[in-house]
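Only one structure is covered here, and it is reproduced in the block below.
In the numbering used here, the protein residues as written are 21 to 403.
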């Protein structure tokens, strides 16, 4: 039962390696819960101090977490059910909380795109371009949803209508950083949002280095876009190497502090990346990919604000909108905000495509977002 998985996962002070050793011996947490102390001591590498923590048989906290998960539409992925790619790393999570739809991870080319929070405009442009290109070419972009490079790569992938996976260092109902709160929803709609932490868990400095092993563990490769000499992104790159993953990096100016880490990775053997196809061609024979699509960047990529006329003539050829964007603009009112679910039902387009289109339309100032993920059209349409 899931409550025993939560009980084992949330026992304070119990190390993850102890949990995994117990699971290898007993098979499931319920058997661990009811095991005699003498049986527990037979666990390989057992530490008496660690095993003593198992005497806590209070299931009330687990019941509360499960109730919170049900209320928040958060599901649980146990170690037993995890995909082989993640399950086979040195220190896999015993339990993950998630929102969205679980992909067939082992059948996908997933690339973790990471970098510094304090990035430059160059880093943001590169991350958006590469996120867009990877997603357009058929890869899944995995990120930690942190501000800066992570968020930029995710926005690029969503803009391409691609599949994204996010890994948070906090509860899935706690949006950190706050400016990424809409990315949480978009990523969950696109594919799946993971966390090792139960609902209500606030971010803590120690969560993020631990979270990085999941980022790289979900992926076949890690791409570092911009990273200074000391950076969490470099920790992810090192973890990826330890897990047998490929590591790529984007070169930067030799005198730029934010590119020191990337340039050193390339010097030490990481793959040099200037275009998404540099990564995709490495896996072309193993997955269904499209290198031509990966090279096609929209002219509007970069998220620069531009002036938008109060009237938009859809018949003019210079208006570069997709069919999804046009359908959404026609469905939206310019006075009454519409919720995303209602909009999705009205236009009969999959949610992830609606969210992707809305992201682009909002950035291009064709729509305005209001509280609670409601939208209005910012222009008057003519045809």
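By construction, the Cβ of each residue, glycine as well, lies at the ideal position given by its N, Cα and C atoms.
Residue range of the beta strand (DSSP E) that includes residue i
i: residue 266; result: 266-269
i: residue 245; result: Element bounds for residue 245: n/a, residue is neither H nor E.
i: residue 210; result: That residue, residue 210, is in no beta strand (DSSP E); its alpha helix (DSSP H) goes 201-210.
i: residue 333; result: 331-333
i: residue 395; result: 394-397
i: residue 4; result: Here the chain covers residues 21 to 403 and nothing more, so residue 4 does not appear.
i: residue 400; result: 400-402
i: residue 184; result: 184-188
i: residue 387; result: 387-390
Selected residue, minimal CA-CA separation from residue i, among the options
i: residue 270; options: 252, 298, 250; result: 298
i: residue 358; options: 331, 397, 369; result: 397
i: residue 332; options: 235, 400, 214; result: 400
i: residue 58; options: 74, 353, 79; result: 74
i: residue 356; options: 340, 390, 367; result: 390
i: residue 309; options: 127, 378, 196, 375; result: 127
i: residue 204; options: 119, 136, 280, 292; result: 119
i: residue 207; options: 186, 28, 286, 387; result: 186
i: residue 348; options: 26, 302, 395, 305; result: 395
i: residue 296; options: 253, 369, 277, 160; result: 160
i: residue 147; options: 157, 133, 158, 156; result: 133
i: residue 233; options: 255, 221, 181; result: 255
i: residue 182; options: 30, 261, 51, 376; result: 376
i: residue 88; options: 368, 109, 191, 223; result: 191
i: residue 54; options: 344, 37, 78; result: 78
i: residue 195; options: 219, 180, 209; result: 219
i: residue 246; options: 107, 311, 56, 293; result: 293
i: residue 37; options: 235, 23, 67; result: 67
i: residue 145; options: 24, 363, 272, 379; result: 272
i: residue 44; options: 33, 56, 62, 157; result: 62
i: residue 213; options: 123, 141, 253, 107; result: 123
i: residue 197; options: 35, 31, 222; result: 222
i: residue 162; options: 193, 142, 125; result: 125
i: residue 69; options: 48, 34, 362, 49; result: 34
i: residue 369; options: 334, 385, 343; result: 343
i: residue 413; options: 274, 361, 345; result: As shown, the chain starts at 21 and ends at 403. That puts residue 413 outside it, with no answer to give.
i: residue 64; options: 72, 46, 50; result: 46
i: residue 90; options: 23, 142, 131, 235; result: 23
i: residue 180; options: 402, 385, 372; result: 372
i: residue 307; options: 341, 275, 193, 131; result: 131
Span of the alpha helix (DSSP H) around residue i
i: residue 375; result: 371-383
i: residue 364; result: 360-367
i: residue 231; result: 227-237
i: residue 343; result: 343-351
i: residue 274; result: Element bounds for residue 274: n/a, residue is neither H nor E.
i: residue 144; result: 141-156
i: residue 24; result: 22-29
i: residue 259; result: 252-262
i: residue 163; result: Per DSSP, residue 163 belongs to no alpha helix (DSSP H); it is in the beta strand (DSSP E), 160-163.
i: residue 41; result: 36-46
i: residue 300; result: 297-300
i: residue 136; result: No alpha helix (DSSP H) contains residue 136, which DSSP labels as neither H nor E.
i: residue 174; result: 169-179
i: residue 53; result: 49-54
i: residue 59; result: 57-61
8 Å contact criterion, which residue i and residue j should meet: CB distance rounded
i: residue 244; j: residue 211; result: Not really, about 22 Å apart at Cβ, beyond 8 Å.
i: residue 189; j: residue 168; result: With 8 Å as the limit, residue 189 and residue 168 do not qualify as a contact, their Cβ atoms being about 14 Å apart.
i: residue 352; j: residue 387; result: 6 Å
i: residue 231; j: residue 216; result: 7 Å
i: residue 157; j: residue 28; result: Between residue 28 and residue 157 the Cβ distance is about 40 Å, and since that is not below 8 Å, they are no contact.
i: residue 76; j: residue 42; result: With 8 Å as the limit, residue 76 and residue 42 do not qualify as a contact, their Cβ atoms being about 14 Å apart.
i: residue 257; j: residue 285; result: 6 Å
i: residue 26; j: residue 71; result: Their Cβ separation, rounded to whole angstroms, is 19 Å, which puts residue 26 and residue 71 out of contact at 8 Å.
C-beta neighbour in chain C for residue i, strict 8 Å
i: residue 22; result: The displayed structure is made up of one protein chain only, and chain C is not part of it.
Residue i beta carbon near the ligand ADP (any heavy atom closer than 7 Å)
i: residue 275; result: No copy of the ligand ADP occurs in the structure displayed, which carries no ligand at all.
**Prompt:** Is it a yes or a no for the stretch 141-160 touching the stretch 175-193, going by three-plus beta-carbon pairs under 8 Å?
**Reply:** Because the criterion of three Cβ pairs below 8 Å is met, the stretch 141-160 and the stretch 175-193 touch.
**Request:** Would you check if the stretch 105-117 and the stretch 88-97 touch, i.e. whether three or more CB-CB distances between them fall below 8 Å?
**Result:** Segments in contact, yes.
**Request:** Please go through the stretch 63-134 and give each complete alpha helix (DSSP H) segment of 4 or more residues, from N-terminal end onward.
**Result:** The stretch 63-134 contains these whole alpha helix (DSSP H) runs: 68-72, 80-92, 104-107.
**Message:** For the pair the stretch 76-85 and the stretch 164-173, tell me if three or more CB-CB distances fall below 8 Å.
**Reply:** Taking a cut-off of 8 Å for Cβ pairs, the stretch 76-85 and the stretch 164-173 do not touch, as fewer than three such pairs fall below it.
**Request:** Would you check if the stretch 224-243 and the stretch 259-270 touch, i.e. whether three or more CB-CB distances between them fall below 8 Å?
**Result:** Touching, yes.
**Prompt:** Is there contact between the stretch 224-232 and the stretch 195-202, where contact requires at least three CB pairs shorter than 8 Å?
**Reply:** Cβ pair count under 8 Å is below three, so no.
**Asked** Is the number of C-beta pairs between the stretch 127-138 and the stretch 86-94 that are closer than 8 Å three or more?
**Response** Short answer: they don't touch.
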